[in-house]
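Mapping the sequence shown onto this note's numbering, position 342 (from 1) lands on 623, and the numbers just tick up by one.
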Amino acid sequence: MRQSITWLVVMSMLLSGTGCSRQFWRRQADRDSYKVITEKLNDPHWQLPRIDVTPDPRSRFYDPFDPDCEPMPPDDPAAHHYMQCINGYKGSKTWDKFGRVNTVENPSWLENYGVSVVNGDPTYGHSGVKLMKISLPQAMELAYLHSRDYQTNIEDLYLSALALTQQRYAMGIRFLGTRGTEPGASLATNSNSSGILSQTAAGNFGLRQLLPAGGQIAVELANTITWGFNGDRAVSSPTFAYSVTQPLLFNAGRKIALEPLTQAERNVLYDARTLARFRQILFVQVTNSYLNLLSQRQNILNSENNIRQREEQLEAQRVINERKFLTLSAPLAVLPFEIPAEHEAHLSYTDGTLNYNGLITDEIEQQLYALSDDEAYQGALAELIGLQRQTVNPLAYFQQVNALNQAQSGLASSYRQLADQQDNFKVLLGLPPNVQLEIDETMLGPFELISFDLIDVDTKLRVFQAEVGDQLQLLADDEGANTAPELSQIADYVRRLNVLSEELYQVGLVQIRDDFAKVQEILELTADDWQASRAGLRYFGSEEERNRVIEDLEGDLRIYRDSERAYALGTPLLEMLTDLTKDATTDELLQRLDQNRSGRIEVNELPTEWAQLPAQIRLGIDEEGVDGRELLVLLTRAARTVYDEHLLAVARALQVVQAGVRVEAISLNRFALNGTDVFPDIEEVVRIGLENRHDLMNARANVMDLRRRMEIAGNALEAGLDVTISGTQGLNPDADGRTGHAASLSFTTPLDQIDERNTYRTALINYQRARRDYMQQEDQVKQQIRQSWRQLKVQEL
């Protein structure tokens, strides 16, 4: 019976000796590690949505191959030589038994973005990835999919859990005998001097258990069977051995024996918190980079708008500079004096208009003012001088040109910085820098002080005038050539002005009226209490701030009313021009207007709106009337007046108004704790930070770790005193000398303890350092929170 049991034990060990597969052990490690991690996620402060070390199949670094049979990755050619030949030895031929791949990336990750992979290598398709209008939540999803640092932190947690499973296993029942060996078996064939053959089969199977107080229990079953080939029967020698050891000084006690397990348990908790904090840090980093991209994009938009305004100013200065060579005119009902002979070459009066041709110097200015004290004359002369003085000197003009060039250079630099920030953002997300990625700029909407639609109308007006209007104006002003624009050209010009006028009304006057309504809503809400607020609306930091907004709003409203009035005055003029240019030919127009059939158009034959035009145009028709060419010239100048004074000027004024109104309506989220709308006290914020910072929790626990290590190092200074009880019991009655029991007491003197002494002293110093490090980290956390609190406080003001 004993021999049957022995044979069963030996055969079982032989059959199990080949071991389990790689897949078995990998899956067992995963099961045990994930169980350990789940145990530690027992607090909502460090709950983790993902603990699986296997990446999402959509991830760039997901590995689609069998993890236990991985193909060989691409290698450096020079280094690969040493896998084929090492110091003259031929390398293994089985390296490629699982195949070879030509990329370390997930070969199919680009398919999620509609990009086909060339030759199985996705690196050639990176530039084909298009991620357009990416929102902040979508950016975070990309980071969780592709962030290498995030994956590394998950793996760090897994490795800590793996180490903990080892420590838990070490404290459990292990398949180790009294000699510390794993179960095994051997079979040997021997030949003696007489040539007689014999075979010996030996096997052992043991168990060992570490005790919480430092002791150890071990039992082992062993057997040896010998067969002789000379006819002797087989001899079996089964034995049962046991051993119980308990340290009394060195390595004695629970705090010593359980320390590796204690530290491993705490390490998993630390890494769970570290991963939770990393998720917070990653969110802040992605959000900060995303907002920086938005900020840079806004800077570019501001720079482009600034350049546009500088170009407009430069063009206006150029026109004004040229104006000094033209005849300046100002309306004057009656000239109160006869023009002196010395001024006849430059000063003239025609049909209610005072004209001056030439440069008005300071001396000439004094002479002209001295001609009459008449108030109307003095006003007309002041208007002439004002028109000429709008010009700038050449130095100032070139300074503006230089400023424009610098602004354009700065814009190019801003675009470069934007491209650099976009590449940094892609790398932060774990994406290749050459993918095409654009963020959603919708969040810039509340900070769009001047609507793109209004800017677009302004741009259309200027471009249209440069391409069409200026050509018509040249034809109208070229009196020497006796030419005029065609009626069809003027009609097309007026038709386009009508379209732009309607656009200006919708995106300018109507839209800004809505902008005013938003600010009025805020003021009405705070009429009785300036501190009142509503979600999504601006709040005031003081009553003085509210009063300042009211004052600024009144100024903006005055400009808006003036612009509204200018637009309203231009509307009938534009309708008049539309009616006057609806005929197919100039002859048809003259035939329709010439009521007295004189062949010339008189003032009373024109629409009544003609009287609303400036004097230079209105008085261009004398008592004799005008012919067809002269009428076309006047129509061209009238259309230009509508463009200048009732469209372009209104568009520019509305931009100023809109910027002023919208800046007052910007709503920022108020910093407040949950359930309140009051800015929190600084000490309350610091307290919350100290309670919830994961890194501070770990730093506090690390002080305790260093304190425990003092005890471990101090215990190593103790003398060694161990009690051991052991024995061997033979299970075969025919075998002699197989049974015995013993009790022993071993003692080791603590004399050669220099290493232990140094370790202990180092542990003492490390503990003190840990205390100081924790104090410093706590102070730094407080400092960071206080600085952030003050910054938020300033921003609220």
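Every residue gets a Cβ at the ideal spot worked out from N, C-alpha and C, and that includes glycine. No experiment lies behind these values; they were computed from the predicted model shown.
Quiz prompt | Beta-carbon proximity list for G633, same chain, < 7 angstroms, skipping 5 on both sides | solution = As a working note, residue 633 is residue 352 in the sequence shown. The answer, listed in chain order, is P612, L613, A614, A896 and L900.
Self-check item: Where Q328 sits in the DSSP three-state scheme
Solution: As a first step, residue 328 must be located in the sequence shown, where it is residue number 47. Q328 carries a coil assignment under DSSP once its states are collapsed to helix, strand and coil.
Quiz item: Given 8 angstroms as the limit, is there contact between the segment 969-981 and the segment 480-487, that is, 3 or more CB pairs closer than that?
Solution: The answer is no - the segment 480-487 does not touch the segment 969-981, with fewer than three Cβ pairs under 8 angstroms.
Quiz item: Starting from L725 and walking both ways along the beta strand (DSSP E), at which residues does that stretch end?
Solution: Translated into the one-based positions of the sequence shown, residue 725 becomes position 444. Annotation: L725 is outside any beta strand (DSSP E) and is labelled neither H nor E by DSSP.
Quiz item: How about A772 and T852: do their beta carbons lie closer than 8 angstroms?
Solution: For the purposes of this step, residue 772 is taken as the residue at position 491 of the sequence shown. For the purposes of this step, residue 852 is taken as the residue at position 571 of the sequence shown. Cβ atoms of A772 and T852: not closer than 8 angstroms.
Quiz item: Is Y820 helix, strand or coil when you go by DSSP?
Solution: Position 539 of the sequence shown, counting from 1, holds the residue named residue 820. It is coil, neither helix nor strand.
Self-check item: Own chain residues within Cβ distance below 8 angstroms of L709, not counting five before or after
Solution: Your numbering for residue 709 matches position 428 in the sequence shown. Counting only Cβ-Cβ distances below 8 angstroms, and skipping sequence neighbours, we find A424, S428, Q566, V567 and S570.
Quiz item: Among R535, G495 and Q480, which one has its Cα closest to the Cα of V516?
Solution: If you number the sequence shown from 1, residue 516 lands on position 235. Selection R535, G495 and Q480 evaluated against V516 yields Q480 as nearest (Cα-Cα).
Quiz item: With 16 as the cutoff for other CB atoms within 10 Å, does R990 come out buried or exposed?
Solution: The sequence position of residue 990 within the sequence shown is 709, counting from 1. Looking at its Cβ environment, which holds 16 or more other Cβ atoms inside 10 Å, R990 is buried.
Self-check item: Three-way DSSP call (helix, strand, coil) for M1056 in this model
Solution: For the purposes of this step, residue 1056 is taken as residue 775 along the sequence shown, with counting starting at 1. Residue state, collapsed to three classes: helix.
Quiz item: Does the separation of the CB atoms of F745 and R777 fall below 8 angstroms?
Solution: Position 464 of the sequence shown, counted from the start, is the residue given in the question as residue 745. Position 496 of the sequence shown, counted from the start, is the residue given in the question as residue 777. A contact, by the Cβ cut-off of 8 angstroms.
Quiz item: Distance, Cα to Cα, Q1061 vs L572?
Solution: The residue labelled residue 1061 in the question sits at position 780 within the sequence shown. The residue labelled residue 572 in the question sits at position 291 within the sequence shown. The straight-line gap separating the alpha-carbon atoms of Q1061 and L572 is approximately 26 angstroms.
Quiz prompt | Whole runs of the alpha helix (DSSP H) within the segment 305-380, excluding any shorter than 4 residues | solution = Segments of the alpha helix (DSSP H) lying fully in the segment 305-380: 358-365.
Quiz item: Could you give the distance in angstroms between the alpha-carbon of E625 and the alpha-carbon of S769?
Solution: Working through the sequence shown from its first residue, we reach residue 625 at position 344. Working through the sequence shown from its first residue, we reach residue 769 at position 488. Each residue's Cα considered, the two are about 40 angstroms apart.
Quiz prompt | Chain-order list of residues whose beta-carbon lies under 7 angstroms from that of I963 (same chain, five-residue window excluded) | solution = Mapped onto the sequence shown, residue 963 falls at position 682. Taking I963 as the centre and dropping the five residues before and after it, the same chain places the C-beta of R1067 and W1070 closer than 7 angstroms to its C-beta, in chain order.
Quiz item: Using a Cβ-Cβ cut-off of 6 angstroms (strictly less than) and excluding sequence neighbours within five positions of L412, which residues of its own chain qualify?
Solution: Taking the sequence shown and counting its residues from 1, the one referred to as residue 412 is at position 131. Only L718 meet the Cβ criterion.
Self-check item: Within 8 angstroms, strictly: CB atoms of D864 and L855
Solution: The residue given as residue 864 occupies position 583 in the sequence shown. The residue given as residue 855 occupies position 574 in the sequence shown. In this structure, D864 sits away from L855, with a CB-CB distance that is not shorter than 8 angstroms.
Exercise. Evaluate F706 with the Cβ neighbour count: other Cβ atoms within 10 Å of its Cβ, from every protein chain shown; 16 or more gives buried, anything less gives exposed.
Key: The residue given as residue 706 occupies position 425 in the sequence shown. Under this definition F706 is a buried residue.
Quiz prompt | Residue range of the beta strand (DSSP E) that includes M413 | solution = Along the sequence shown, read from residue 1 onward, the residue named residue 413 stands at position 132. Segment K411 to I415, the beta strand (DSSP E) holding M413.
Quiz prompt | CB contact flag (G906, S879, <8 angstroms) | solution = If you number the sequence shown from 1, residue 906 lands on position 625. If you number the sequence shown from 1, residue 879 lands on position 598. Yes, they are a contact pair.
Quiz item: CB-CB under 6 angstroms to N996, same chain, minus the five flanking residues each way: which ones, in chain order?
Solution: Here residue 996 is taken as the residue at index 715 of the sequence shown, counted from 1. Exclusion of the five residues before and after N996 leaves I537 as the residues of its chain whose Cβ lies within less than 6 angstroms of its Cβ.
Self-check item: Inter-stretch contact at 8 angstroms, needing at least 3 Cβ pairs: the segment 402-410 / the segment 307-317
Solution: Taking a cut-off of 8 angstroms on C-beta distances, the segment 402-410 does not touch the segment 307-317, as fewer than three cross pairs fall below it.
Exercise. Alpha carbon to alpha carbon, how far is R1052 from N494? Give it in angstroms, no decimals.
Key: Looking up residue 494 in the sequence shown gives position 213. Looking up residue 1052 in the sequence shown gives position 771. Before going on, a small fix: residue 494 reads as Ala here, not Asn. Roughly 29 angstroms separates the two Cα atoms.
Exercise. Provide the residue span of the beta strand (DSSP E) that contains I1006, from first to last.
Key: Residue mapping note: residue 1006 aligns to position 725 of the sequence shown, counting from 1. Counting along the chain, the unbroken beta strand (DSSP E) around I1006 starts and ends at G1001 to G1011.
Quiz item: Any idea if Q284 is buried or exposed, counting beta-carbon neighbours within 10 angstroms, 16 or more meaning buried?
Solution: Start at 1 with the first residue of the sequence shown, and residue 284 comes out as number 3. Any reading at Q284 must be qualified, since the residue scores a pLDDT of 48, below 50, and its modelled position is unreliable; the value itself is stated next. Counting Cβ neighbours within 10 Å, Q284 comes out exposed, since fewer than 16 surround it.
Quiz item: According to the neighbour-count rule (16 or more other Cβ atoms, all chains shown, within 10 Å of its Cβ), is Y841 buried or exposed?
Solution: Along the sequence shown, read from residue 1 onward, the residue named residue 841 stands at position 560. Under the 10 Å beta carbon count, Y841 is surrounded by 16 or more other beta carbons and is classified as buried.
Quiz item: What residue does the beta strand (DSSP E) around F733 start on, and which one ends it?
Solution: The count along the sequence shown starts at 1 and reaches residue 733 at position 452. Under the DSSP assignment, F733 falls outside any beta strand (DSSP E), being part of the alpha helix (DSSP H) whose first and last residues are F733 to F745.
Exercise. Using beta-carbon positions only, say whether R535 and L426 come within less than 8 angstroms of one another.
Key: Within the sequence shown, numbered from 1, the residue matching residue 535 stands at position 254. Within the sequence shown, numbered from 1, the residue matching residue 426 stands at position 145. Taking 8 angstroms as the Cβ cut-off, R535 and L426 do not qualify as a contacting pair.
Quiz item: Would you say the segment 692-705 touches the segment 570-590, given that touching needs at least three Cβ pairs under 8 angstroms?
Solution: Here the segment 692-705 lies against the segment 570-590, with 3 or more beta-carbon pairs under 8 angstroms apart.
Quiz item: Alpha carbon to alpha carbon, what distance is there between A940 and R819?
Solution: Start at 1 with the first residue of the sequence shown, and residue 819 comes out as number 538. Start at 1 with the first residue of the sequence shown, and residue 940 comes out as number 659. Near 16 angstroms, if we compare the C-alpha coordinates of A940 and R819.
Quiz prompt | Option in T889, P727 and I898 with minimal Cα separation from V944 | solution = Residue numbering aside, residue 944 sits at position 663 when the sequence shown is read from its first letter. Selected option, being the one with the closest Cα: P727.
Quiz item: Helix, strand or coil: which one does DSSP assign to F606?
Solution: As a first step, residue 606 is located in the sequence shown; it is residue number 325 there, counting from the start. Low per-residue confidence applies at F606: pLDDT is 47, beneath 50, and the placement is therefore not dependable, though the value from the model is reported in the following sentence. Coil at F606, not helix or strand.
Practice problem: Would you mind stating whether A661 and L635 have Cβ atoms separated by less than 8 angstroms? | Solution: Here residue 661 is taken as the residue at index 380 of the sequence shown, counted from 1. Here residue 635 is taken as the residue at index 354 of the sequence shown, counted from 1. Yes. Within cutoff.
Practice problem: Using three-state DSSP, classify I588 as helix, strand or coil. | Solution: Taking the sequence shown and counting its residues from 1, the one referred to as residue 588 is at position 307. I588 falls in the helix class under three-state DSSP.
Quiz item: Can you tell me whether F606 is buried or exposed, with buried defined as 16 or more other CB within 10 angstroms of its CB?
Solution: Along the sequence shown, one-based indexing puts residue 606 at 325. Caution is warranted here: a pLDDT of 47 is assigned to F606, below 50, making its placement in the model unreliable, and the coordinate value is therefore given only provisionally. It counts as exposed.
Quiz item: If you count every other CB in all the chains shown that lies within 10 Å of the CB of G372, and 16 or more means buried, which is it?
Solution: To locate residue 372, count along the sequence shown from 1; it is residue 91. That one is exposed.
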